[in-house]
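Colleague:
2 protein chains.
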Amino acid sequence: MTENFKKEIVQRIIRNLLDIQILRLILAQPMWGYRIKKQFETRFGIKLRHGALYPLLNELEQKGFLTSQMQQQGGRTRKVYSITEKGVDYVEAYAFVLREQIRNQDIQ
Amino acid sequence: MTENFKKEIVQRIIRNLLDIQILRLILAQPMWGYRIKKQFETRFGIKLRHGALYPLLNELEQKGFLTSQMQQQGGRTRKVYSITEKGVDYVEAYAFVLREQIRNQDIQ
DNA sequence: TACGATATGTCCTTTCTCGGACATATCGCA
DNA sequence: TGCGATATGTCCGAGAAAGGACATATCGTA
Numbered sequence: 000m001t002e003n004f005k006k007e008i009v010q011r012i013i014r015n016l017l018d019i020q021i022l023r024l025i026l027a028q029p030m031w032g033y034r035i036k037k038q039f040e041t042r043f044g045i046k047l048r049h050g051a052l053y054p055l056l057n058e059l060e061q062k063g064f065l066t067s068q069m070q071q072q073g074g075r076t077r078k079v080y081s082i083t084e085k086g087v088d089y090v091e092a093y094a095f096v097l098r099e100q101i102r103n104q105d106i107q
Numbered sequence: 000m001t002e003n004f005k006k007e008i009v010q011r012i013i014r015n016l017l018d019i020q021i022l023r024l025i026l027a028q029p030m031w032g033y034r035i036k037k038q039f040e041t042r043f044g045i046k047l048r049h050g051a052l053y054p055l056l057n058e059l060e061q062k063g064f065l066t067s068q069m070q071q072q073g074g075r076t077r078k079v080y081s082i083t084e085k086g087v088d089y090v091e092a093y094a095f096v097l098r099e100q101i102r103n104q105d106i107q
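So the protein sequences, as listed, match chains A and R.
The first sequence runs 0 to 107 under numbering that gives the first Met the number 0.
The second sequence runs 0 to 107 under numbering that gives the first Met the number 0.
#1: Distance, Cα to Cα, A:Phe-95 vs R:Gly-73?
#2: For the region 57–91 of chain R, which residues have a CB atom closer than 9 Å to at least one CB atom of chain A, in sequence order?
#3: Which residue wins for smallest C-alpha separation from R:Arg-34, given the options R:Lys-85, R:Thr-83, R:Arg-77 and R:Gln-100?
#4: Assign A:Gln-71 to one of three DSSP states: helix, strand, or coil.
#5: Would you mind working out which of R:Pro-29, R:Leu-52 and R:Leu-24 sits nearest R:Arg-42, comparing C-alpha positions?
#6: Assign R:Gly-63 to buried or exposed, taking buried as 16 or more other Cβ atoms, counted over all protein chains shown, within 10 Å of its Cβ.
#7: Can you grab the Cα-Cα spacing for the pair R:Lys-46 / A:Pro-29, in whole Å?
#8: Find out if the Cβ-Cβ distance for the pair A:Lys-36, A:Leu-52 is shorter than 7 Å.
#9: Just to confirm the assignment, what range does the alpha helix (DSSP H) spanning R:Gly-86 have?
#10: Mark A:Gly-50 as exposed unless 16 or more other C-beta atoms lie within 10 angstroms of its C-beta, in which case mark it buried.
#11: How many whole angstroms separate the CB atoms of A:Thr-1 and R:Asp-88, which I take to be in contact at a CB cut-off of 8 Å?
Spelled out as structure tokens, the structure:
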């Protein structure tokens, strides 16, 4: 039961804070869309629609959280994203809020 | 800048995981809808619409996370909610997931 | 050469959510 | 008696999000 709750909550967090989870992944290592999609499947067992992922990545770049550069791998073109300083700030703010949430477990 | 990010993230979490925040509040102390609304304003500076809150509370009761009992205070009727075992499990699962998120800060 | 995987992008329809309005009742105070 | 606060509830329209389809191109392998 609690195990199911954990899965449910993880899925809710990833759905609603997907951008942050993507930033966290790219923080660890620069990455391209398709790779991110695959990573989410293997790590979290969550299938991202590419029809949602690619527009989101472009949006995150537009907002200054990510930068991208095209890379050639054989005949394939990859749009490799790296996190910016602003992106790191956002991830750090997230970590801060999480710690705060845990600290205030017994709000009284 | 980071300060704004924190506020933004707190608001996103509360919006998307509102039910969990409510369970956490009731875990600390049984409470009725109107009081919850006021608590959110004073604690988090977040205004909850009662048009969203009351249906959510009823839903949480239906799902077995909360139980309620009517209480009379003068001529006023309050529907006081207490958290159930299932509700506590859910809050604990949330705390577990949060700790996991912090631990895996550098996903590699 | 045909198919599955890699790689990125748009578009449209349906579903869901949000904000606000409508509704009712009591209490205390001016 | 009228108003703001307390207290709980429903309903509806607009805007946002989700899901899936449409679109294109390369690579490796059977």
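All C-beta atoms in this analysis are idealised placements derived from N, C-alpha and C, irrespective of residue type, glycine included.
Modeller: The relevant details are as follows:
#1: 44 Å
#2: Lys-85, Asp-88, Tyr-89, Val-90 and Glu-91
#3: R:Arg-77
#4: strand
#5: R:Leu-24
#6: exposed
#7: 39 Å
#8: yes
#9: 84–102
#10: exposed
#11: 5 Å
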